[in-house]
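Undergrad: What follows is a single structure, and I will ask about it in a moment.
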Amino acid sequence: MAAALSRMMRKIKRAFGSAGQKEPKYAFGEQDLSSPSNIPFDAYADALSGGRDEEERRRAEVAVLSDLAPYIHRFAGREDRTLSIGSQEAAAIWNRLGDLFCIIDPEAIFSPLNKKMGFDHKAAILDKFYGKQPPFLKVYVRRVNLEKKRLRCQAFVEMPHALLDGVEMKSLPKKQSIRRMLGEDFCYTQEFIVPYGSDGQTLSFSVDDGRAVILDVDGKEFDGAVPVADILSAFTAKWDRYPQEENTWLIMDRDVCADDNGEHFYRYMMNHHPEQRCVFALRKTSVHWDRLKKEGFHLVDFGSPEYEREACACSMIISSHADPYVFSYYRDHFFFSKKFVFLQHGVTKDDISPWLNTIREIDLMVAASVRERDSIVEEGGPYRLLPEEVGLTGFPRHDLLLRKASALAENPNGPKTILVMPTWRQDLLGKVSGKGNARDLLDHFSESQFAKAWSAFLNSPRLEKLAKKGFRVVFFPHANLVPYIESGQFSFPSYVEYASNMTGESIQDIFANSSLLVTDYSSAAFELAYIERPCIYYHFESGQNDGSGYHFCKGYFDYEKDGFGPIARSEEELFALLESWEADGCEVEPEFRARMAQTFPYRDGLCCERAYRAILELG
Numbered sequence: 000m001a002a003a004l005s006r007m008m009r010k011i012k013r014a015f016g017s018a019g020q021k022e023p024k025y026a027f028g029e030q031d032l033s034s035p036s037n038i039p040f041d042a043y044a045d046a047l048s049g050g051r052d053e054e055e056r057r058r059a060e061v062a063v064l065s066d067l068a069p070y071i072h073r074f075a076g077r078e079d080r081t082l083s084i085g086s087q088e089a090a091a092i093w094n095r096l097g098d099l100f101c102i103i104d105p106e107a108i109f110s111p112l113n114k115k116m117g118f119d120h121k122a123a124i125l126d127k128f129y130g131k132q133p134p135f136l137k138v139y140v141r142r143v144n145l146e147k148k149r150l151r152c153q154a155f156v157e158m159p160h161a162l163l164d165g166v167e168m169k170s171l172p173k174k175q176s177i178r179r180m181l182g183e184d185f186c187y188t189q190e191f192i193v194p195y196g197s198d199g200q201t202l203s204f205s206v207d208d209g210r211a212v213i214l215d216v217d218g219k220e221f222d223g224a225v226p227v228a229d230i231l232s233a234f235t236a237k238w239d240r241y242p243q244e245e246n247t248w249l250i251m252d253r254d255v256c257a258d259d260n261g262e263h264f265y266r267y268m269m270n271h272h273p274e275q276r277c278v279f280a281l282r283k284t285s286v287h288w289d290r291l292k293k294e295g296f297h298l299v300d301f302g303s304p305e306y307e308r309e310a311c312a313c314s315m316i317i318s319s320h321a322d323p324y325v326f327s328y329y330r331d332h333f334f335f336s337k338k339f340v341f342l343q344h345g346v347t348k349d350d351i352s353p354w355l356n357t358i359r360e361i362d363l364m365v366a367a368s369v370r371e372r373d374s375i376v377e378e379g380g381p382y383r384l385l386p387e388e389v390g391l392t393g394f395p396r397h398d399l400l401l402r403k404a405s406a407l408a409e410n411p412n413g414p415k416t417i418l419v420m421p422t423w424r425q426d427l428l429g430k431v432s433g434k435g436n437a438r439d440l441l442d443h444f445s446e447s448q449f450a451k452a453w454s455a456f457l458n459s460p461r462l463e464k465l466a467k468k469g470f471r472v473v474f475f476p477h478a479n480l481v482p483y484i485e486s487g488q489f490s491f492p493s494y495v496e497y498a499s500n501m502t503g504e505s506i507q508d509i510f511a512n513s514s515l516l517v518t519d520y521s522s523a524a525f526e527l528a529y530i531e532r533p534c535i536y537y538h539f540e541s542g543q544n545d546g547s548g549y550h551f552c553k554g555y556f557d558y559e560k561d562g563f564g565p566i567a568r569s570e571e572e573l574f575a576l577l578e579s580w581e582a583d584g585c586e587v588e589p590e591f592r593a594r595m596a597q598t599f600p601y602r603d604g605l606c607c608e609r610a611y612r613a614i615l616e617l618g
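Be aware that the sequence shown starts at 0, since it is given in numbering that gives the first Met the number 0, and climbs by one per residue.
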């Protein structure tokens with residue numbers, strides 16, 4: 000196999016020249032990666048036109064591919080970046096891509112000079128536009144589990160055969176995921192797990208037509224039969240920077256606040272499994288620090304030398320958030336030496352694969368609903384995670400929420416609370432500032448449709464009228480909105496009570512005490528649905544019924560068919576629904592109550608226990 004691969008690479012080099020030769024310059028203009036509509040197709044056509052000898056022609060083709068590569072990289076598998084492009088415009092771009100590849104020789108795709116394009120996109124282009132397989136296959140080792148003796152692997156376009164000591168392995172845990180681009184399937188990805196018995200065995204891969212298969216282990220390439228010991232050695236080469244001194248579980252929510260699944264899971268571990276050493280990471284300046292300290296949490300100040308020591312030595316990172324500062328604090332190979340458990344911050348209802356697929360470090364993700372999990376692990380779906388990597392356990396915080404809501408239900412004559420919880424918008428995210436959750440503020444925020452709509456609602460005389468009737472109005476903003484409130488760029492009247500993770504209120508108490516939720520697209524609606532409280536969805540963006548194009552890619556959840564309350568598309572409609580809810584005695588309509596009952600498989604107070612058992616299965 001090694002000889003065949005060597006012959007194949009020599010043939011490519013003879014056809015297209017050495018990778019060390021200089022490429023000619025072409026006037027494609029400055030790249031504008033804000034939209035695929037900016038791909039300079041006319042300039043590409045000019046570069047490829049006219050009579051040239053074969054070598055010049057190949058260099059022109061490679062120059063075009065090199066300029067195109069950043070566009071493919073930015074938009075393949077990132078449907079969230081092209082939501083504003085309509086179907087007709089997307090079809091026109093696909094047609095132009097088809098025309099372009101009609102005048103590019105397919106053999107140029109794998110030219111050694113085509114260095115700016117990854118193997119995955121090269122293989123996808125050959126498959127989609129030429130109906131051809133790549134001249135060789137690559138298998139990537141993405142993670143290793145030394146305790147369970149498993150290699151988490153990935154290949155593109157086709158699924159290879161895995162052979163351990165020369166014997167083909169059958170029934171591997173596997174799935175195919177699909178990266179879409181501009182509404183069409185583009186790159187077929189094979190995700191699979193290879194178990195091994197000992198590091199003394201050898202691992203190899205093959206395809207039916209005998210093409211060579213290269214094994215890529217964190218950038219180091221092998222061909223032929225490779226000792227498992229060599230694979231493990233290559234993957235763990237830099238782990239000695241972070242030796243696991245003991246079996247510690249590092250648990251956290253955000254660096255600046257707690258009161259999420261991380262806190263609730265830590266409390267469960269502290270009370271039920273004290274034999275497992277756990278620490279909870281949080282900034283000492285957080286309003287939650289003193290509360291958790293008094294409760295007996297073993298706290299470490301996020302970012303401090305003590306935190307860094309614990310992060311280096313821990314065996315597991317468990318968090319409700321999957322931001323890089325959580326699992327990749329050192330921004331190097333730190334995270335590969337730890338197992339990462341993603342407890343989630345909210346029920347996944349949208350297609351978050353463009354974001355989630357960038358995180359190759361998730362060993363286990365917990366889910367709260369059947370349809371949520373199914374959407375993530377489905378065959379041919381957009382997500383990379385395998386069924387073995389997503390556990391239907393319920394959220395740890397739901398155990399306490401259920402107890403609180405049940406206790407409050409014994410006093411049905413208490414004050415009615417309207418909870419207002421808007422979610423955020425991607426185009427309102429400022430740049431990350433330092434290591435943590437902080438971001439720069441945007442100068443134009445107050446002029447955004449988001450700010451104007453929610454400000455108008457909160458400051459409306461009709462909402463004040465409800466407050467004067469005895470309704471509590473509680474505004475719990477998204478964490479990214481809090482800095483704008485603190486800076487005075489977003490304000491609301493005194494009859495609206497302000498609550499946030501930054502002011503110390505328990506979100507569980509707020510949910511349990513709420514009678515109705517007003518939101519746009521927040522997964523907080525699932526929290527209220529868990530305790531059978533209704534919501535009103537405020538979808539004020541013109542021409543949008545599901546929020547796509549403003550916040551996310553649409554997933555399995557349909558607000559009309561699956562939502563836990565009615566939809567208002569204007570401020571007038573919103574107040575009409577509020578006043579109707581008041582007139583009907585603040586009850587949940589039977590249609591929405593049925594949806595709530597069907598959504599969650601577990602309302603038994605054992606979500607923490609199931610999450611713990613799932614984590615133990617990681618080894």
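All residues carry an ideal CB built from backbone N, CA and C; glycine is no exception. Please read all numbers here as calculations on a predicted model, not as lab measurements.
Name the one or two DSSP bridge partners that A89 has.
TA: Start at 1 with the first residue of the sequence shown, and residue 89 comes out as number 90. In the DSSP output, where bridge partners are listed per residue, A89 has none listed.
Undergrad: Pull up the distance between the alpha-carbon of S203 and that of Q153, whole angstroms please.
TA: As a working note, residue 203 is residue 204 in the sequence shown. As a working note, residue 153 is residue 154 in the sequence shown. Going from the Cα of S203 to the Cα of Q153 covers about 14 angstroms.
Undergrad: Using DSSP bridges, identify the partner residues of F574.
TA: Within the sequence shown, the letter at position 575 stands for residue 574. According to DSSP, which records beta bridges pairwise, F574 is partnered with nothing at all.
Undergrad: With DSSP collapsed to three states, give me the class of F40.
TA: Stepping through the sequence shown from its first residue, residue 40 is reached at position 41. Three-state result, F40: helix.
Undergrad: Determine, using beta carbons only, whether A257 and H287 come nearer to each other than 7 angstroms.
TA: The residue you call residue 257 lines up with position 258 of the sequence shown. The residue you call residue 287 lines up with position 288 of the sequence shown. Yes.
Undergrad: Measure the alpha-carbon distance for L96 versus Y187 and round it to whole angstroms.
TA: Numbered from 1 along the sequence shown, position 97 holds the residue referred to as residue 96. Numbered from 1 along the sequence shown, position 188 holds the residue referred to as residue 187. Their backbone Cα atoms lie some 18 angstroms apart in a straight line.
Undergrad: Spatial neighbours of G295 within its chain, please: CB distance less than 8 angstroms, with the 5 preceding and 5 following residues excluded, ordered by chain position.
TA: If you number the sequence shown from 1, residue 295 lands on position 296. Taken in chain order, the residues that qualify are M269.
Undergrad: Is the Cβ-Cβ distance between T416 and S521 less than 7 angstroms?
TA: Position 417 of the sequence shown holds residue 416. Position 522 of the sequence shown holds residue 521. For T416 and S521, no; Cβs fall outside 7 angstroms.
Undergrad: Look at A26 and R57 and say whether their C-beta atoms are less than 7 angstroms apart.
TA: Along the sequence shown, one-based indexing puts residue 26 at 27. Along the sequence shown, one-based indexing puts residue 57 at 58. No Cβ-Cβ contact shorter than 7 angstroms links A26 with R57.
Undergrad: For F135 and V212, what's the separation of their Cα atoms in angstroms?
TA: The residue you call residue 135 lines up with position 136 of the sequence shown. The residue you call residue 212 lines up with position 213 of the sequence shown. Straight-line Cα distance between these residues: approximately 6 angstroms.
Undergrad: If you compare alpha carbons, which of F489, Y328 and F264 is closest to A455?
TA: Counting from one through the sequence shown, the residue named residue 455 turns up at place 456. Of the listed residues, the one whose Cα sits closest to A455 is F489.
Undergrad: Round the Cβ separation of A68 and K127 to the nearest angstrom and send it over; I've been treating them as touching at under 8 angstroms.
TA: Locating residue 68 in the sequence shown gives position 69, where the first residue counts as 1. Locating residue 127 in the sequence shown gives position 128, where the first residue counts as 1. Wrong, their Cβ atoms sit about 15 angstroms apart, outside the cutoff.
Undergrad: Nearest by alpha-carbon distance to A452: which of R568, E496, I484 and V495 is it?
TA: The residue labelled residue 452 in the question sits at position 453 within the sequence shown. Per the Cα distances, R568.
Undergrad: Figure out for me which residue from E378, D398, E526 and D439 has the closest Cα to the Cα of L418.
TA: For the purposes of this step, residue 418 is identified with residue 419 of the sequence shown, where counting begins at 1. Selected option, being the one with the closest Cα: E526.
Undergrad: Using the C-alpha atoms, what's the distance from R73 back to D331?
TA: Sequence index remark: in the sequence shown, residue 331 carries index 332 (1-based). Sequence index remark: in the sequence shown, residue 73 carries index 74 (1-based). Rounded to the nearest angstrom, the two C-alpha atoms are 22 angstroms apart.
Undergrad: In the structure shown, what three-state DSSP assignment does L418 receive?
TA: Walking along the sequence shown from the start, residue 418 turns up at place 419. Three-state DSSP puts L418 in a strand.
Undergrad: For I361 versus F334, is the C-beta spacing smaller than 7 angstroms?
TA: Counting from one through the sequence shown, the residue named residue 361 turns up at place 362. Counting from one through the sequence shown, the residue named residue 334 turns up at place 335. For the 7 angstroms CB-CB criterion, I361 and F334 do not form a contact.
Undergrad: Let me see if you follow: with CB-CB separation under 7 angstroms, is L515 close to chain B or not?
TA: No chain B is part of this structure, which consists of one protein chain only.
Undergrad: By how many angstroms is the C-alpha of E371 removed from the C-alpha of G117?
TA: Start at 1 with the first residue of the sequence shown, and residue 117 comes out as number 118. Start at 1 with the first residue of the sequence shown, and residue 371 comes out as number 372. Rounded to the nearest angstrom, the two C-alpha atoms are 31 angstroms apart.
Undergrad: So, for D649: in the same chain, excluding its five sequence neighbours on each side, which residues have a beta-carbon less than 6 angstroms away from its beta-carbon?
TA: The structure shown has nothing for residue 649, since the chain only spans 0 to 618.
Undergrad: So the alpha helix (DSSP H) A509 belongs to, where does it begin and stop?
TA: Position 510 of the sequence shown, counted from the first residue, corresponds to residue 509. Per the sequence presented here, residue 509 reads as Ile, with Ala not at that position. From DSSP, the alpha helix (DSSP H) with I509 extends over I506 to N512.
Undergrad: To the nearest whole angstrom, what separates the beta carbons of R343 and N260, a pair I think is in contact under 8 angstroms?
TA: Start at 1 with the first residue of the sequence shown, and residue 343 comes out as number 344. Start at 1 with the first residue of the sequence shown, and residue 260 comes out as number 261. Arg is not the amino acid found at residue 343; the sequence shown has Gln there. Sure, about 7 angstroms apart at Cβ, within 8 angstroms.
Undergrad: CB V369 to CB P105, shorter than 7 angstroms?
TA: Within the sequence shown, residue 369 is the residue found at index 370, counting from 1. Within the sequence shown, residue 105 is the residue found at index 106, counting from 1. Going by C-beta atoms, V369 is not nearer than 7 angstroms to P105.
Undergrad: How is the beta strand (DSSP E) around D229 delimited, first residue to last?
TA: Here residue 229 refers to the residue found at position 230 of the sequence shown. Segment V227 to F234 is the alpha helix (DSSP H) holding D229; no beta strand (DSSP E) there.
Undergrad: Just to confirm before moving on: does the CB-CB distance between D254 and S319 stay below 7 angstroms?
TA: As a first step, residue 254 must be located in the sequence shown, where it is residue number 255. As a first step, residue 319 must be located in the sequence shown, where it is residue number 320. No, Cβ-Cβ distance for D254 and S319 is not below 7 angstroms.
Undergrad: What's the gap between the Cα of V621 and the Cα of A582?
TA: Given a span of 0 to 618 for the chain in the structure shown, any question on residue 621 remains unanswerable.
Undergrad: Helix, strand or coil for L202 per DSSP?
TA: Taking the sequence shown and counting its residues from 1, the one referred to as residue 202 is at position 203. Three-state result, L202: strand.
Undergrad: Suppose you measure from the CA of T518 to the CA of K467; what does that come to, to the nearest Å?
TA: Locating residue 518 in the sequence shown gives position 519, counting from the first residue. Locating residue 467 in the sequence shown gives position 468, counting from the first residue. Rounded to whole angstroms, T518 to K467 spans 22 angstroms at the Cα level.
Undergrad: Which two residues bound the contiguous beta strand (DSSP E) that contains E220?
TA: Looking up residue 220 in the sequence shown gives position 221. Where E220 is concerned, the enclosing beta strand (DSSP E) stretches over K219 to D222.
Undergrad: Please classify L400: does DSSP put it in a helix, a strand, or coil?
TA: Sequence index remark: in the sequence shown, residue 400 carries index 401 (1-based). If DSSP states are grouped into helix, strand and coil, L400 belongs with the helices.
Undergrad: Pick out whichever of I351, I230, L125 and L515 has its Cα sitting closest to the Cα of D198.
TA: In the sequence shown, the residue the question calls residue 198 occupies position 199. Nearest C-alpha to D198: I230.
Undergrad: If you reduce the DSSP assignment to three classes, tell me which class G97 lands in.
TA: Counting from 1 along the sequence shown, the entry for residue 97 is found at position 98. Reduced to three states, the DSSP call for G97 is helix.
Undergrad: Classify L281 as buried or exposed, calling it buried when 16 or more other Cβ atoms lie within 10 Å of its own Cβ.
TA: Along the sequence shown, one-based indexing puts residue 281 at 282. Looking at its Cβ environment, which holds 16 or more other Cβ atoms inside 10 Å, L281 is buried.
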